[in-house]
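Asks: For our numbering, add 3 to where a residue sits in the sequence shown, where the first one is 1.
Every residue, glycine too, gets a C-beta built ideally from N, C-alpha and C.
Just so it is clear, the structure is predicted and the values come from calculations on it, not from any experiment.
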Amino acid sequence: MITAVQFESNVEEGSGVTLVDFYADWCGPCKMIAPVLEQLAEDFEGQLKIVKINADEEADVLAKYAVRGLPTMMVFKDGQSVDVTVGAQPYPAIKAMLEKHL
């Protein structure tokens with residue numbers, strides 16, 4: 004999990020591809036995709052970063068990117084948002100979304 008300050012320095016000012024998972028501890032679908040994200044982190048190790056933002060603690064970041072539902076997964080490339088999906092998605096769907104930007 005990263006904070007808003009870390010988000011700015013690691014994602015918005017970063018390079019390469021980053022998958023940002025906007026989640027909340029109380030969100031059932033967020034918990035369902037946790038193993039999917041862990042598998043993606045293993046499969047794409049060295050190719051991209053995966054970070055998590057707690058929606059309850061970092062509301063300003065959610066507002067900035069108009070995140071309305073959880074979980075929301077947003078792909079950033081070289082600091083720019085390039086793709087987004089809302090809701091618990093299966094592994095193949097998230098993998099395909101990431102591969103488009105590598």
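Do you know whose CA, among W29, D86 and Q42, lies nearest A58's CA?
Replies: Here residue 58 corresponds to residue number 55 of the sequence shown, with the count starting at 1. It is W29.
Asks: What does the alpha-carbon distance come out to for the pair E15 and K34?
Replies: By one-based count along the sequence shown, residue 15 stands at place 12. By one-based count along the sequence shown, residue 34 stands at place 31. Roughly 25 Å between the two C-alpha positions.
Asks: Span of the beta strand (DSSP E) holding L51?
Replies: For the purposes of this step, residue 51 is identified with residue 48 of the sequence shown, where counting begins at 1. L51 to N57 is the extent of the beta strand (DSSP E) around L51.
Asks: Output the distance between the C-alpha atoms of G72 and V89, rounded to the nearest integer angstrom.
Replies: Taking the sequence shown and counting its residues from 1, one reaches residue 72 at position 69. Taking the sequence shown and counting its residues from 1, one reaches residue 89 at position 86. Taking the straight line from one Cα to the other gives about 6 Å.
Asks: May I ask which residues mark the beginning and end of the alpha helix (DSSP H) holding D46?
Replies: For the purposes of this step, residue 46 is identified with residue 43 of the sequence shown, where counting begins at 1. That run of the alpha helix (DSSP H) goes G31 to D46.
Asks: What does DSSP give as the partner residues of K80 in its beta bridges?
Replies: Residue mapping note: residue 80 aligns to position 77 of the sequence shown, counting from 1. Bridge partners of K80: V20 and Q83.
Asks: Per DSSP, which residues does T6 bridge with? Please list them.
Replies: By 1-based counting over the sequence shown, the position of residue 6 is 3. DSSP output for T6 lists no bridge partner at all.
Asks: Hey, how far is the Cα of D63 from the Cα of G17?
Replies: Locating residue 63 in the sequence shown gives position 60, where the first residue counts as 1. Locating residue 17 in the sequence shown gives position 14, where the first residue counts as 1. Using only the alpha carbons, I get a separation of about 19 Å.
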